[in-house]
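Residue numbers (the numbering used here): 16 to 242.
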């Protein structure tokens, strides 16, 4: 737009603000301030990643309920005796039976054996990690842990094995330390099929990214003749 008195076609100069040496400059936002911290990584991967520990909620809950019930019943009986009431019949019978029976009695030995087995079972549960079906994978990042189900790992190996020429069917049993592969070949030489299977399956095991790759055991047979 032009104002009155200005020639047509002329441009209007916008006002400018000059800053002196003493004026404060508004700092530009530092782009690096909003940058996230890099993800911590492990230089060569952690091949010694441990197994996952099971919470074992069911055994812990059962043991807690048994101990709570036994302690509550015993506490109630002791409080009743302190209040000049007779002890419960089960406690009197148990005390009389323990006083009369010898240590080599069959009932005493069976009870002691059952208690020892239960104790050993609980100790075993406390000292072992459990989750045997979950294979720990190699850790490439310090704050990330991953696991692979054994059934899924077996399916991967089976799918790779059936792609080998001459293989008719494959059965894979995946363990924590060993993978057993049993294949049926309906043509080609068995040694050639076994060599190809070894090559393909060794590569497949490496691609699984497991912390402790299982050893391979490959067997190749001919299918049973019908009739």
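Glycine included, every Cβ here is placed at the ideal spot set by N, Cα and C.
Q | Assigned exposure category for residue 270 - 16 Cβ within 10 Å defines buried | A | With the chain covering 16 to 242 only, the question about residue 270 has no answer from this structure.
Q. Which one of 204, 201, 238, 193 has the shortest CA to CA distance from residue 217?
A. As a position in the chain shown, residue 217 is number 202, starting the count at 1. Per the Cα distances, 193.
Q: Classify residue 154 as buried or exposed, calling it buried when 16 or more other Cβ atoms lie within 10 Å of its own Cβ.
A: Position 139 of the chain shown, counted from the start, is the residue given in the question as residue 154. It counts as buried.
**Q.** Status (buried if at least 16 other CB within 10 Å, exposed otherwise) for residue 180
**A.** Counted from its first residue, the chain shown places residue 180 at position 165. Exposed, because fewer than 16 other Cβ atoms sit within 10 Å of the Cβ of residue 180.
Q) Could you give the distance in angstroms between the alpha-carbon of residue 167 and the alpha-carbon of residue 112? A) As a working mapping, residue 167 is identified with position 152 in the chain shown. As a working mapping, residue 112 is identified with position 97 in the chain shown. Going by the C-alpha atoms only, they are around 55 Å apart.
Q. Does the beta-carbon distance from residue 67 to residue 190 come in below 9 Å?
A. Within the chain shown, numbered from 1, the residue matching residue 67 stands at position 52. Within the chain shown, numbered from 1, the residue matching residue 190 stands at position 175. No.
Q | residue 227 in three-state terms, based on DSSP | A | The sequence position of residue 227 within the chain shown is 212, counting from 1. In the three-state DSSP reduction, residue 227 falls in the coil class, being neither helix nor strand.
**Q.** Span of the alpha helix (DSSP H), counted from its first residue to its last, around residue 106
**A.** Against the chain shown, residue 106 aligns to sequence position 91. Its alpha helix (DSSP H) spans residues 104-115.
Q) Under the rule that 16 or more other beta-carbon atoms within 10 Å means buried, what is residue 200, buried or exposed? A) Numbered from 1 along the chain shown, position 185 holds the residue referred to as residue 200. The residue in question, residue 200, is buried, as its Cβ has 16 or more Cβ neighbours within 10 Å.
Q | N-terminal and C-terminal residue of the beta strand (DSSP E) that residue 155 is part of | A | Against the chain shown, residue 155 aligns to sequence position 140. Counting along the chain, the beta strand (DSSP E) containing residue 155 begins and ends at 154-156.
Q. Does DSSP put residue 149 in a helix, a strand or coil?
A. In the chain shown, counting from the first residue as 1, residue 149 sits at position 134. For residue 149, the three-state secondary structure derived from DSSP is strand.
**Q.** residue 50 burial status per 10 Å Cβ neighbour count (16 or more: buried)
**A.** Start at 1 with the first residue of the chain shown, and residue 50 comes out as number 35. Caution applies to residue 50, whose pLDDT of 44 falls short of 50 and renders its modelled position unreliable; the value that the coordinates give is listed next. With fewer than 16 other beta carbons inside 10 angstroms of its own, residue 50 counts as exposed.
Q. What are the boundary residues of the beta strand (DSSP E) that includes residue 164?
A. Residue 164 sits at position 149 when you count from the first residue of the chain shown. According to the DSSP assignment, residue 164 belongs to the beta strand (DSSP E) that extends over 162-164.
Q: Spatial neighbours of residue 122 within its chain, please: CB distance less than 8 Å, with the 5 preceding and 5 following residues excluded, ordered by chain position.
A: Taking the first residue of the chain shown as 1, we reach residue 122 at position 107. Hits under 8 Å: 116.
Q) For residue 218, which of helix, strand or coil comes out of DSSP? A) For the purposes of this step, residue 218 is taken as residue 203 along the chain shown, with counting starting at 1. In the displayed model, residue 218 falls within a helix according to three-state DSSP.
(Q) Measuring alpha carbon to alpha carbon, tell me which residue in 85, 204, 152, 98 is nearest residue 229. (A) As a working mapping, residue 229 is identified with position 214 in the chain shown. Ranked by Cα distance from residue 229, the options 85, 204, 152, 98 are led by 152.
Q) Are the stretch 98-106 and the stretch 171-180 in contact at 8 Å, needing three or more beta carbon pairs? A) By the C-beta criterion, the stretch 98-106 is judged not to be in contact with the stretch 171-180, since fewer than 3 inter-stretch pairs fall below 8 Å.
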